[in-house]
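> Numbers in this note's numbering are just positions in the sequence shown, counted from 1, shifted up by 1.
Quick one: the structure is below, questions incoming.
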Amino acid sequence: MNSPAAPSRSASKTARVAAVKDADFEEIFATVAPSAPAASAPEPRPEPPRPTVPKPMAGQASPAPASPPQASLAKAQLDGAELSGVVLAGANLAGAQLRGARLVRADLRGADLTGAAAQQADFTGADLTGAKLERCGLRYASLRDAKLVGADVAGVDFWRASLAGTDLAAAKNLAQARLHGADLAGVDLAGATLDGVEMRRARLHRTTLAGASLRAAQLEGVDAEGAELSECVLERAVLTGANLMRANLMAAQLDGADLRQVRAVSADLSEASLVGADLESADLTDANVARARAQGAKLPGATLRGAKLDGADLRDAALDGASLLRASCVGIRLAGATCREANLTRANLGDADLSGVRFDGADLSRARLDGADLRGAELWRANLARASLNGANLGGAVIHGALNLEQASLEDAVLTGVRLDAMNLGGARLRGADLTGASLENADLSGADLRGAKLCGARLVGANLRNADLSGADLSGTDLRHVINLRSAKFRAAVLRDANLSGASLDSADMLGVDLTGANLSRAALESCVLTGANLSGADLSGANLQSAVLTRATLTDAKMCGVVGLAEAVLTGAKLSGADLSGLELRRAVNLADVADMTGVSLLRADLRGARLASVRLVRAKLSGSDLEEADFGGADLTEAQLDDCDLFRADFGNAKLVRANLRDADLRDADLREADLTDAERTNADLTGARTEGARGV
Numbered sequence: 002m003n004s005p006a007a008p009s010r011s012a013s014k015t016a017r018v019a020a021v022k023d024a025d026f027e028e029i030f031a032t033v034a035p036s037a038p039a040a041s042a043p044e045p046r047p048e049p050p051r052p053t054v055p056k057p058m059a060g061q062a063s064p065a066p067a068s069p070p071q072a073s074l075a076k077a078q079l080d081g082a083e084l085s086g087v088v089l090a091g092a093n094l095a096g097a098q099l100r101g102a103r104l105v106r107a108d109l110r111g112a113d114l115t116g117a118a119a120q121q122a123d124f125t126g127a128d129l130t131g132a133k134l135e136r137c138g139l140r141y142a143s144l145r146d147a148k149l150v151g152a153d154v155a156g157v158d159f160w161r162a163s164l165a166g167t168d169l170a171a172a173k174n175l176a177q178a179r180l181h182g183a184d185l186a187g188v189d190l191a192g193a194t195l196d197g198v199e200m201r202r203a204r205l206h207r208t209t210l211a212g213a214s215l216r217a218a219q220l221e222g223v224d225a226e227g228a229e230l231s232e233c234v235l236e237r238a239v240l241t242g243a244n245l246m247r248a249n250l251m252a253a254q255l256d257g258a259d260l261r262q263v264r265a266v267s268a269d270l271s272e273a274s275l276v277g278a279d280l281e282s283a284d285l286t287d288a289n290v291a292r293a294r295a296q297g298a299k300l301p302g303a304t305l306r307g308a309k310l311d312g313a314d315l316r317d318a319a320l321d322g323a324s325l326l327r328a329s330c331v332g333i334r335l336a337g338a339t340c341r342e343a344n345l346t347r348a349n350l351g352d353a354d355l356s357g358v359r360f361d362g363a364d365l366s367r368a369r370l371d372g373a374d375l376r377g378a379e380l381w382r383a384n385l386a387r388a389s390l391n392g393a394n395l396g397g398a399v400i401h402g403a404l405n406l407e408q409a410s411l412e413d414a415v416l417t418g419v420r421l422d423a424m425n426l427g428g429a430r431l432r433g434a435d436l437t438g439a440s441l442e443n444a445d446l447s448g449a450d451l452r453g454a455k456l457c458g459a460r461l462v463g464a465n466l467r468n469a470d471l472s473g474a475d476l477s478g479t480d481l482r483h484v485i486n487l488r489s490a491k492f493r494a495a496v497l498r499d500a501n502l503s504g505a506s507l508d509s510a511d512m513l514g515v516d517l518t519g520a521n522l523s524r525a526a527l528e529s530c531v532l533t534g535a536n537l538s539g540a541d542l543s544g545a546n547l548q549s550a551v552l553t554r555a556t557l558t559d560a561k562m563c564g565v566v567g568l569a570e571a572v573l574t575g576a577k578l579s580g581a582d583l584s585g586l587e588l589r590r591a592v593n594l595a596d597v598a599d600m601t602g603v604s605l606l607r608a609d610l611r612g613a614r615l616a617s618v619r620l621v622r623a624k625l626s627g628s629d630l631e632e633a634d635f636g637g638a639d640l641t642e643a644q645l646d647d648c649d650l651f652r653a654d655f656g657n658a659k660l661v662r663a664n665l666r667d668a669d670l671r672d673a674d675l676r677e678a679d680l681t682d683a684e685r686t687n688a689d690l691t692g693a694r695t696e697g698a699r700g701v
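This is the structure in structure tokens:
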């Protein structure tokens with residue numbers, strides 16, 4: 002008789018994958034345990050043999066029943082098994098093969114899955130509380146809504162595993178798991194300790210990691226859009242290429258983190274710490290980085306368009322080539338930072354600390370820098386066109402070579418000692434600015450508003466000030482030699498004490514009430530210049546052109562006017578020329594001198610005043626020695642103690658004039674009119690009075 006056949010291989014596999022839902026552990030074990038040889042012909046689904054118990058011999062006790070088999074599935078072959086809902090609490094599945102197996106809502110509490118291969122397995126809703134999962138392979142596995150409280154996941158490979166809805170934070174040794182590419186969308190990991198975790202390219206959409214510790218974690222390429230990372234510790238973490246769009250990183254600690262090429266559009270990094278972090282080429286468009294601490298951070302090529310950086314601390318940071326277009330940086334601290342070639346167009350840097358910042362080649366056009374501290378900043382080749390620097394402090398800043406300051410607003414700005422040589426400041430607003438000691442050589446200031454500006458000691462050699470408004474400006478000691486153009490410039494009430502305007506072109510300039518005390522205006526062009534009420538005391542006007550200039554009520558006391566051109570055509574109504582030196586002037590037939598209010602002590606030595614009208618002019622102690630005064634009109638003039646010695650006074654009119662103690666020695670007074678004149682104590686030695694009319698004269 003043939004011996005009983007062993008169960009077929011296919012039958013054994015069928016037994017392993019049989020439905021086991023709602024079965025107890027012994028039934029499962031019996032289903033998958035090896036079968037004994039059958040006593041009869043093989044059946045499609047053979048029953049395991051029942052053990053036979055021998056009958057006891059007479060006088061012997063019955064033997065104890067056989068022990069149940071051990072509850073172990075270690076290294077069991079369960080690939081693709083349908084184990085949904087099965088109760089495997091406390092089961093030993095160490096090293097088991099569970100690839101593709103379905104364990105949906107299975108009870109695996111306390112189960113041992115150490116080293117098990119469960120790639121692509123489905124643990125959806127499974128209870129793995131307290132389970133041992135060390136070194137378990139869960140690649141592409143689904144653990145959605147699974148319970149992992151107290152489960153040991155040290156060394157678990159979660160590559161591309163789905164962990165949405167799990168309580169992963171309650172698992173043990175999570176930091177030692179490999180979460181590379183895992184789907185953690187929506188998972189709550191608040192407060193979890195994940196220092197050094199490997200989570201590259203993981204999906205963290207709307208994942209909660211608030212207060213979690215991820216020091217030195219490997220997070221390259223993670224997709225954390227909308228994730229909650231507030232107060233998360235990410236010191237020295239690697240987040241290269243991560244997606245942090247709209248993520249909340251408020252007060253997060255990212256010191257020394259690698260954030261190169263991170264996409265953090267509209268992310269909240271307010272009050273975060275980014276000290277020494279590397280954000281090269283990061284995209285922080287519209288991000289909130291207000292009050293963040295980022296000293297020494299690296300942001301070359303970073304995009305911060307429209308970002309909010311108010312109150313942030315980026316001292317010594319590197320922002321070379323970064324874009325801060327329209328960024329709000331009010332009160333930002335950038336001292337010592339580098340912003341070479343950075344784009345700061347329309348950025349708001351009001352009240353910012355920009356001392357020592359290097360803006361070489363940066364575009365700051367239309368930027369707002371009101372109240373900013375730019376002391377010692379380097380703006381070489383920077384573009385500041387239409388920028389607003391009202392109240393900014395640029396003391397000691399290096400701006401030489403700036404591309405453009407045209408129409409920039411620098412009202413009340415501090416620019417002491419700044420070099421602005423050859424700058425384009427056309428139409429710039431510099432009202433109230435402090436430019437003391439600044440160098441503006443060859444600068445274009447045409448149409449600039451310099452009202453009330455301080456330009457004491459400034460150098461404006463070769464500058465173009467055409468149509469500039471310097472009303473009320475203080476230009477004391479300013480060097481304006483060879484200024485290209487001051488035509489139509491406004492200097493109303495400006496202070497130009499001791500200023501050097503030698504050779505300056507001031508045609509049609511408005512210098513109403515200007516203070517030019519001691520100023521050097523030699524050879525200056527002052528045609529049609531309005532000097533009404535101006536103070537030119539002690540000024541040097543030698544060789545200046547005053548043709549058609551308006552000097553109404555001007556004070557020219559002790560002014561040097563030798564060789565002045567066009568004074569005969571100037572308006573001198575009410576002018577004061579006391580002590581002025583007009584020696585050698587040609588004022589033949591001048592009629593305007595009669596309008597001069599005071600020429601006390603004036604010096605007109607050897608002047609040509611033939612036919613000039615000086616009626617009623619105050620010429621007390623005037624020096625007119627050797628002058629040609631033929632037919633001049635001195636009617637009613639006060640020439641007390643005047644020096645008229647050796648003068649040609651032929652046919653001159655002195656009717657009613659005061660010549661008390663005047664010096665007329667060697668004077669030619671032939672045919673002169675001295676009627677009613679007062680010559681009391683006048684010196685007339687060798688004076689020629691032939692034909693003179695002296696009716697009513699005193700002291701003749």
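Every residue gets a Cβ at the ideal spot worked out from N, C-alpha and C, and that includes glycine.
When DSSP labels each residue in this structure, what does Ile29 get in the three-state scheme?
Bear in mind that a pLDDT of 49 at Ile29, under 50, signals an unreliable position, so the model cannot answer this.
> In this structure, does DSSP put Arg171 in helix, strand or coil?
One point to set straight first is that residue 171 is Ala, not Arg, in the sequence displayed. DSSP places Ala171 in helix when its eight states are reduced to three.
> Tell me whether Asn687 is buried or exposed, calling it buried when 16 or more other Cβ atoms sit within 10 Å of its Cβ.
Asn687 comes out exposed.
> Going by other Cβ atoms of all chains shown within 10 Å of its Cβ, with 16 needed for buried, is Ala288 buried or exposed?
When all chains shown are included, Ala288 counts as buried.
> Keeping to the same chain, check which residues put their C-beta closer than 6 Å to that of Arg145; ignore five residues upstream and five downstream.
Excluding residues within five positions, the ones whose Cβ falls inside 6 Å are Thr125, Ser163, Ala165, Gly166.
> Going by C-alpha distance, which of Ala595, Asn244, Arg662 is nearest Thr681?
When each option's Cα is compared against that of Thr681, the closest is Arg662.
> Going along the chain, which residues of its own chain have a beta-carbon closer than 7 Å to the beta-carbon of Ser628, five neighbours each way excluded?
Correct list, in chain order: Leu605, Leu606, Arg607, Ala608, Leu610, Cys648.
> For Asp679, write down the residues that DSSP places opposite it in a beta bridge.
DSSP lists Lys659, Arg699 as partners of Asp679.
> Answer yes or no: do Ala495 and Ser523 have a C-beta to C-beta separation smaller than 8 Å?
No. Outside cutoff.
> Drop a sphere of 10 angstroms on the beta-carbon of Arg590, count the other beta-carbons inside from all chains shown, and report buried for 16 or more, exposed for fewer.
Result: exposed.
> I need the straight-line Cα distance from Gly396 to Leu421, nearest angstrom please.
When rounded, the distance between both Cα atoms is 12 Å.
> Quick one: is Glu696 buried, meaning 16 or more other Cβ sit within 10 Å of its Cβ, or exposed?
By the 10 Å Cβ count, Glu696 comes out exposed.
> When burial is assigned at 16 or more other CB atoms within 10 Å of the CB, is Gly692 buried or exposed?
When all chains shown are included, Gly692 counts as exposed.
> So, Ala698 versus Leu670, is the Cβ gap smaller than 8 Å?
No, the pair does not count as a contact, with Cβ atoms beyond the cut-off.
> Quick check: the Cα distance between Ala540 and Ala525, rounded to an integer number of angstroms?
When rounded, the distance between both Cα atoms is 12 Å.
> Which of the three DSSP states is assigned to Asp596 in this structure?
If DSSP states are grouped into helix, strand and coil, Asp596 belongs with the helices.
> Cα-Cα, which of Asn501, Leu552, Arg202, Ala147 is closest to Asp511?
Ranking the options by Cα distance to Asp511, first place goes to Leu552.
> In the region 494-524, which residue ranges form an unbroken beta strand (DSSP E) of at least 3 residues, counting only runs that do not cross its ends?
Taking only runs of at least 3 residues, no beta strand (DSSP E) segment lies wholly in the region 494-524.
> Report the option in Ala265, Gly700, Met200, Arg161 whose CA atom is closest to the CA atom of Leu702.
Because the chain is modelled from 2 through 701, residue 702 falls outside the range shown and cannot be assessed.
> Beta-carbon within less than 7 Å of Ser282's beta-carbon, same chain only, minus the 5 sequence neighbours each way: which residues are those?
So the qualifying residues of the chain are Arg261, Gln262, Gly302, Ala303.
> Quick check: the Cα distance between Leu235 and Val276, rounded to an integer number of angstroms?
Distance between the alpha carbons of Leu235 and Val276 is about 12 Å.
> Quick one: what does DSSP say Glu632 is sitting in, helix, strand or coil?
Of the three classes helix, strand and coil, the one that applies to Glu632 here is coil, per DSSP.
> So for Glu412, helix, strand or coil by DSSP?
Of the three classes helix, strand and coil, the one that applies to Glu412 here is coil, per DSSP.
> Quick one: Cα of Gly337 to Cα of Ile400, how far?
Approximately 16 Å between the Cα atoms of the pair.
> Kindly identify the DSSP beta-bridge partner or partners of Val87.
Answer is none; Val87 lacks a bridge partner.
> In angstroms, rounded to a whole number, what distance separates the CA positions of Lys455 and Val621?
Straight-line Cα distance between these residues: approximately 39 Å.
> Are Thr130 and Ala102 touching if we call contact CB-CB under 8 Å?
Cβ atoms of Thr130 and Ala102: not closer than 8 Å.
> Kindly indicate which residue of Asp634, Ser549, Arg619 has the alpha-carbon position closest to the one of Gly575.
When only C-alpha atoms are compared, the closest one is Arg619.
> Which residues in the same chain as Gly519 place their Cβ atom closer than 7 Å to its Cβ, once the five residues preceding and following it in sequence are excluded?
Same-chain partners within the cutoff: Arg498, Asp499, Gly539, Ala540.
> Is the separation between the beta-carbon of Gly357 and that of Asp371 shorter than 8 Å?
No.
> Helix, strand or coil: which one does DSSP assign to Glu570?
DSSP places Glu570 in helix when its eight states are reduced to three.
> Can you give me the Cβ contacts of Gln78 inside the same chain, cut-off strictly under 6 Å, excluding the 5 residues immediately before and after it?
Same-chain partners within the cutoff: Gln98.
> Output yes or no for whether 8 Å exceeds the beta carbon distance between Glu632 and Arg614.
No, they are not a contact pair.
> Return the chain-ordered list of same chain residues with a C-beta closer than 7 Å to the C-beta of Arg554, the five sequence neighbours on each side being excluded.
Result list for Arg554: Thr533, Gly534, Gly575, Ala576, in chain order.
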